[in-house]
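Numbering-wise (my numbering), the sequence shown opens with residue 292 and increments by one.
All C-beta atoms, glycine included, are put in the ideal place defined by N, C-alpha and C.
Structure first, commentary second.
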Amino acid sequence: DLVQAISAFGICLLDCDGRIASWNRGASRLSGWREREMIGRPYAQLFADGDARGSTPQQSLDFARTHGHCRSEHRRRRPDGSHFIAECTLDTVRSESGEILGLVEVFQDITDQKARQSELYERATRDTLTKLLNRSHFLDVGAQEFERARRFAEPLSVALFDVDHFRKFNELEGADIGNRALVVVAQALGEGLRRIDVVGR
Numbered sequence: 292d293l294v295q296a297i298s299a300f301g302i303c304l305l306d307c308d309g310r311i312a313s314w315n316r317g318a319s320r321l322s323g324w325r326e327r328e329m330i331g332r333p334y335a336q337l338f339a340d341g342d343a344r345g346s347t348p349q350q351s352l353d354f355a356r357t358h359g360h361c362r363s364e365h366r367r368r369r370p371d372g373s374h375f376i377a378e379c380t381l382d383t384v385r386s387e388s389g390e391i392l393g394l395v396e397v398f399q400d401i402t403d404q405k406a407r408q409s410e411l412y413e414r415a416t417r418d419t420l421t422k423l424l425n426r427s428h429f430l431d432v433g434a435q436e437f438e439r440a441r442r443f444a445e446p447l448s449v450a451l452f453d454v455d456h457f458r459k460f461n462e463l464e465g466a467d468i469g470n471r472a473l474v475v476v477a478q479a480l481g482e483g484l485r486r487i488d489v490v491g492r
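Here is the structure:
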């Protein structure tokens, strides 16, 4: 009854086969799934479609069974098709003799928290105008790439782009137009990037 009454955290009990045996009020509130919809369903039912079809659910169960505890973050799906990011802890429930009787998972919705973290990271590493890497982060990434190139004896290319007559253009047309020009240049550079390339301002 105490577990069922908790609304801030989702708590569910899984049987030895990884099927949901109980589903508390918090689990319903956070996920949108009602208890009667979840009892008897496999653990993978909780995951977003791509993860559910992969090995992520089974890996979490296997890790918890082996080590007694598993902590993870992954996408969960709601009945309306939307998703949220769940921080989960999965623990084994054992008898006095050590036999695994099942598993209990406690989860919470950290979607907003992850969005704030992502926003703070973007502010710390991106130039506010062009959205390219800022000077500090570009130098950090560059140092890593130089080290990687040395270690594996691979070629590394660095190109410097200077916007011709930019200062004169800025003075004649104004800072707003100058900023727009920088954004267009940044977009043009971004369109030609491979996944392994980086551009900074």
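Counting C-beta neighbours from all protein chains within 10 Å, is the total for residue i 16 or more, i.e. buried, or is it exposed?
| i | result |
| --- | --- |
| residue 322 | buried |
| residue 430 | exposed |
| residue 348 | buried |
| residue 415 | exposed |
| residue 372 | exposed |
| residue 351 | buried |
| residue 466 | exposed |
| residue 443 | exposed |
| residue 375 | buried |
I'd like to know whether the C-beta atoms of residue i and residue j end up nearer to each other than 7 Å.
| i | j | result |
| --- | --- | --- |
| residue 440 | residue 447 | yes |
| residue 302 | residue 397 | yes |
| residue 489 | residue 394 | no |
| residue 484 | residue 421 | no |
| residue 367 | residue 377 | yes |
| residue 345 | residue 383 | no |
| residue 492 | residue 400 | no |
| residue 310 | residue 333 | yes |
Return the first residue and the last residue of the alpha helix (DSSP H) that residue i is part of.
| i | result |
| --- | --- |
| residue 400 | It is not in any alpha helix (DSSP H) - residue 400 instead sits in the beta strand (DSSP E) that spans 391-400. |
| residue 376 | It is not in any alpha helix (DSSP H) - residue 376 instead sits in the beta strand (DSSP E) that spans 374-385. |
| residue 318 | 316-322 |
Leaving out five residues before and five after residue i in sequence, what residues of the same chain have Cβ atoms less than 7 Å from its Cβ?
| i | result |
| --- | --- |
| residue 314 | 303, 326, 329 and 330 |
| residue 461 | 469 |
| residue 320 | 298 |
| residue 295 | 315 and 316 |
Taking 8 Å as the limit between beta carbons, can you name the residues of its chain near residue i, skipping five residues before and five after?
| i | result |
| --- | --- |
| residue 449 | 433 |
| residue 459 | none |
For the beta strand (DSSP E) containing residue i, list its first residue and its last residue.
| i | result |
| --- | --- |
| residue 367 | 360-368 |
Using 8 Å as the Cβ pair cut-off and three pairs as the minimum, do the segment 465-478 and the segment 404-412 touch? no
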